[in-house]
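According to the numbering used here, the sequence shown holds residues 8 to 198 in order.
Just so you know, even glycine gets a beta-carbon here, dropped at the ideal spot from N, CA and C.
First up is the structure itself, then whatever we jot down about it.
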Amino acid sequence: MNNAIPEEYRGVAESLFPPGGFPAGQGPTVEAAVAFADILGIGADYKKLLADRKSGGGLRTLLGHFQNNLDLLIQKTWVERADESRKEKLQGRIPDFVDAIEREDFSTALREFSVILDELAYLFFGAQSSKDDFTEYTLRIDTQMGLFWWYGGQIGGLHPQEDGKCLDVPNAGKDVLRALLMIGICYLTNF
Numbered sequence: 008m009n010n011a012i013p014e015e016y017r018g019v020a021e022s023l024f025p026p027g028g029f030p031a032g033q034g035p036t037v038e039a040a041v042a043f044a045d046i047l048g049i050g051a052d053y054k055k056l057l058a059d060r061k062s063g064g065g066l067r068t069l070l071g072h073f074q075n076n077l078d079l080l081i082q083k084t085w086v087e088r089a090d091e092s093r094k095e096k097l098q099g100r101i102p103d104f105v106d107a108i109e110r111e112d113f114s115t116a117l118r119e120f121s122v123i124l125d126e127l128a129y130l131f132f133g134a135q136s137s138k139d140d141f142t143e144y145t146l147r148i149d150t151q152m153g154l155f156w157w158y159g160g161q162i163g164g165l166h167p168q169e170d171g172k173c174l175d176v177p178n179a180g181k182d183v184l185r186a187l188l189m190i191g192i193c194y195l196t197n198f
């Protein structure tokens, strides 16, 4: 599916999530996450958030904006009557996700975020979101949005463990998992 990514972005995207997984003993870096955030158009906010790691005030503010914006996006999304319960369930997941981030339980947050992104994609794009060409479809609509949904698919393919590690992402401690999650949070906050 990486072939759908425009050539000028493919190197940056593949440094974050290489096709076929990470080589033994290697994993993504915070630097790769920063470069990816730049191509998504959220680089400045993302870098500020990473720099604000010590005080935590920026994260709390961002999470508040994230939750408000996601609630608005979900509420404003038109769906068939049969899918209204999906919207409600999705809104119910957001506080638990935010809580996991605040507790720095990034493994739980990663699992929750994957579900949130899947459900949000369904609300925005319907059944198209579960098709094999979904990334290509979103890239044709808008490159940055397509790259975001590609990222969402990559996040969804990770299998975090309870001990804070991620088997799919060697050497990915809390800082890397946090950096991966913050990309999506920053993007959706500014969506």
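- Spatial neighbours of residue 145 in its own chain (CB-CB distance under 6 Å, excluding positions within 5 residues in sequence) are listed in chain order as 152, 153 and 156.
- In the DSSP assignment, residue 165 falls outside any alpha helix (DSSP H), carrying neither H nor E.
- Within the segment 95-152, the alpha helix (DSSP H) runs of at least 4 residues that lie entirely inside it are, in chain order, 113-132 and 141-148.
- A direct Cα-Cα distance of roughly 8 Å separates residue 70 from residue 192.
- If you draw a straight line from the Cα of residue 38 to the Cα of residue 88, it is about 44 Å long.
- Rounded to the nearest angstrom, the gap between the Cα atoms of residue 66 and residue 43 is 19 Å.
- If the five residues before and after residue 195 are omitted, its C-beta is found closer than 7 Å to the C-beta atoms of 73, 76 and 77, all from its own chain and listed in chain order.
- Annotated as proximal: residue 111 and residue 181, with beta-carbon spacing under 8 Å.
- Residue 198 and residue 49 have their C-alpha atoms some 10 Å from each other.
- For residue 81, the enclosing alpha helix (DSSP H) covers residues 64-83.
- Burial state of residue 159 is buried, judged by a 10 Å Cβ sphere holding 16 or more other Cβ atoms.
- By the CB criterion at 8 Å, residue 163 and residue 124 fall inside the cutoff.
- Relative to the Cα of residue 100, the nearest Cα in the group 120, 83, 113 and 29 belongs to 120.
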